[in-house]
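Reviewing the structure listed below.
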Amino acid sequence: MRSSQEYAYKNYLTGAIITAVLGTLLVTISFILTKNTFFLLLNADMGRAADYFFSYWTHLGDGTVWVPVGILFLVYRRDKFVLALSTVAIGTLIVQSLKNFIIPAQIRPGTAILDLTTFHSVASVPMLTNYSFPSGHTTTAFSVFLLGCLMIKKKWIVPVGLLYALLVGYSRIYLAEHFPLDVGGGMLTALVSVWLSVYVQSAWDKSRSKRIR
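Residues in the sequence shown are numbered consecutively from 899, following this note's numbering.
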């Protein structure tokens, strides 16, 4: 890592600790209570307004979110574009490896819990059936949150970014697309992805400085 002026380390450390604690709690409680039981505790019918809100807010965890994020890096911090690019690459590699090879085709709530009357779902949002762990949407949202904490020195980024990411994560439970275990896994995946990407950016910077010399 280079000069501390390049990054907002205090914000990043705060965001990283919160993400690590919340992610670990979700994973731990899921194993203690079982992931089905924990899902049923957190999944609730909050009414039509919540259905509408979460069905749209969840898209802020889509992979397409990286397009505007990438543009912002190119416009304002082109020198750190490798940081954003490697975060996407590492996060995608971890998520897809877990979903397809390490813990393959884990079933989602709508498949695992046969009695659909015991939990809430939104009719306009089709429930997926497998490849549940970890939540890719949550990984994206918390990666964006942690990158924001790293790059923006204003203190508001921590509460605002955390609220954005938490709502994306909870939307996956509310819409019955993921278990809390999956969301916790997504948080921890984001944490690892951004952490490793800082070192990728540092290595890139060092290689560039050597070429310039």
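Cβ coordinates follow ideal geometry from the N, Cα and C atoms, glycine included.
- About 6 Å separates the CB atoms of Leu1045 and Thr985; that is less than 8 Å, so the two are in contact.
- Per DSSP, Lys908 is one residue of the alpha helix (DSSP H) stretching across 907 to 931.
- Within 10 angstroms of the beta-carbon of Tyr954 lie fewer than 16 other beta-carbons, which makes it exposed.
- Its chain contains Cys1047, Leu1048, Met1049, Ile1050, Lys1051 as the residues whose beta carbon lies nearer than 7 Å to that of Ala906, once the 5 sequence neighbours on both sides are disregarded; these appear in chain order.
- Shown here, Asp1013 sits in coil according to DSSP, grouped into three states, outside any helix or strand.
- In the three-state reduction of the DSSP assignment, Tyr1029 falls in the coil class.
- Judged by their CB atoms, Leu1060 and Phe1077 are not nearer to each other than the 8 Å cut-off.
- Note on Val973: under 16 other CB atoms within 10 angstroms of its CB, so exposed under the neighbour-count rule.
- Nearest C-alpha to Ala942 among Pro966, Thr990, Ser928, Leu1014: Leu1014.
- If the five residues before and after Leu923 are omitted, its C-beta is found closer than 8 Å to the C-beta atoms of Gly1082, all from its own chain and listed in chain order.
- For Trp964, the uninterrupted alpha helix (DSSP H) segment begins and ends at 964 to 974.
- The continuous alpha helix (DSSP H) containing Ala982 extends over residues 979 to 995.
- Looking at Ala947, Thr1036, Ile927, the one whose alpha-carbon comes closest to that of Leu938 is Ile927.
- With fewer than 16 neighbouring CB atoms inside 10 Å of its own CB, Lys1104 falls in the exposed class.
- When the five nearest sequence neighbours on each side are left out, the beta carbons in the same chain lying within less than 8 Å of the beta carbon of Lys1053 are those of Asn909, in order along the chain.
- Counting C-beta pairs with one atom in each stretch, the region 947 to 963 and the region 1030 to 1038 have three or more that are closer than 8 Å, which means they touch.
- Distances from the CA of Thr935 to each of Arg976, Phe1017, Phe979 were compared; the closest alpha carbon is that of Phe1017.
- According to the DSSP assignment, Phe999 belongs to no alpha helix (DSSP H), since it is labelled neither H nor E.
- In this structure, Val1090 places its C-beta atom within 8 Å of the C-beta atom of Ile992.
- A straight line joining the alpha-carbon of Phe1031 with that of Ala1101 spans about 31 Å.
- If the five residues before and after Phe952 are omitted, its C-beta is found closer than 7 Å to the C-beta atoms of Ser1069, Tyr1072, Leu1073, all from its own chain and listed in chain order.
- Between Val1096 and Leu981, the C-beta spacing is below 8 Å.
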